[in-house]
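Visitor: Heads up: the sequence shown is residues 214 to 407, going by the working numbering.
Glycine residues also receive a C-beta, built at the ideal position from the N, C-alpha and C atoms.
I'd like to ask you about the structure that follows.
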Amino acid sequence: MPLLVAPALPRTALARHVQPTLRGDGVRLRPWRPRDTAGVLVAFADPDIQHWHRRRLDPDEAAEWVGGWGRLWRAGTDACWAVADPDDRLIGYVALRGFRPFAGSAKVSYWVLPGARGAGVATRAVRLAGHWAFTVLGLHRIELVHSVRNTASCRVAERAGYALEGTMRGHMRHVDGWHDVHLHARLHDDPRLG
214 MPLLVAPALP
224 RTALARHVQP
234 TLRGDGVRLR
244 PWRPRDTAGV
254 LVAFADPDIQ
264 HWHRRRLDPD
274 EAAEWVGGWG
284 RLWRAGTDAC
294 WAVADPDDRL
304 IGYVALRGFR
314 PFAGSAKVSY
324 WVLPGARGAG
334 VATRAVRLAG
344 HWAFTVLGLH
354 RIELVHSVRN
364 TASCRVAERA
374 GYALEGTMRG
384 HMRHVDGWHD
394 VHLHARLHDD
404 PRLG
């Protein structure tokens with residue numbers, strides 16, 4: 214059956230690119246390395262990250278988590294970067310998850326290690342990953358969802374230029390039960406931020 218609308222992107226849109234290191238706005242996004250496993254263990258031992266990301270990891274799971282991102286990139290489903298400081302130490306994570314080539318869309322997720330919070334790292338990483346996805350990959354839309362109780366993520370979304378589109382009731386389950394979530398989104402042709 215022929216399609217009446219062509220897919221926004223080819224199924225191989227992500228996989229045909231070598232994962233780049235992205236620099237800008239004072240942050241560096243790079244592919245994951247095995248030595249990042251220790252930082253991932255620290256991240257998932259943090260109560261805030263555990264609460265919002267609903268998991269903790271043991272050393273083997275952390276190594277698999279780090280190593281799995283390359284496979285997901287090659288499969289064309291997810292793009293994930295380690296956020297590094299100027300000395301190349303891991304300070305956070307940003308990912309474009311669940312690519313939907315037909316719709317030209319993905320969802321962004323992120324976390325920042327406790328010692329790097331409060332300096333705008335998440336906002337700058339989300340902006341940089343989004344800029345690459347719109348200008349190089351050709352995405353049309355990126356969504357950002359977070360619990361309505363996660364006010365820090367709401368600030369990240371607003372500062373990164375993701376418009377609030379609505380609230381999805383009982384959409385996400387955390388350790389303390391079901392949460393309503395805010396849906397934010399940014400389109401490729403939304404105005405650039407200062």
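1) Determine, using beta carbons only, whether R287 and A228 come nearer to each other than 8 Å.
2) CB G305 to CB A335, shorter than 8 Å?
3) Using CA atoms only, rank isn't needed, just tell me which of H392, A319, R362 is closest to R399.
4) Look up D167 in the DSSP assignment and say whether it is helix, strand or coil.
5) Using DSSP bridges, identify the partner residues of G379.
6) Are P314 and L222 close, meaning C-beta to C-beta below 8 Å?
7) So what does DSSP say about A283, is it helix, strand or coil?
8) Suppose you measure from the CA of V307 to the CA of W391; what does that come to, to the nearest Å?
9) On the DSSP letters alone, give me the boundaries of the alpha helix (DSSP H) that H344 sits inside.
10) Return the CA-CA distance between G239 and G252, expressed in angstroms with no decimal places.
11) Should T250 be labelled buried (16 or more other beta-carbon atoms within 10 Å of its own) or exposed?
Guide: Let's see:
1) yes
2) yes
3) A319
4) Summary: the structure shown does not reach residue 167, with the chain confined to residues 214 through 407, and so no result is reported for it.
5) L396
6) yes
7) Note on residue identity: the sequence assigns Gly, not Ala, to residue 283. Helix.
8) 24 Å
9) 334-345
10) 20 Å
11) buried
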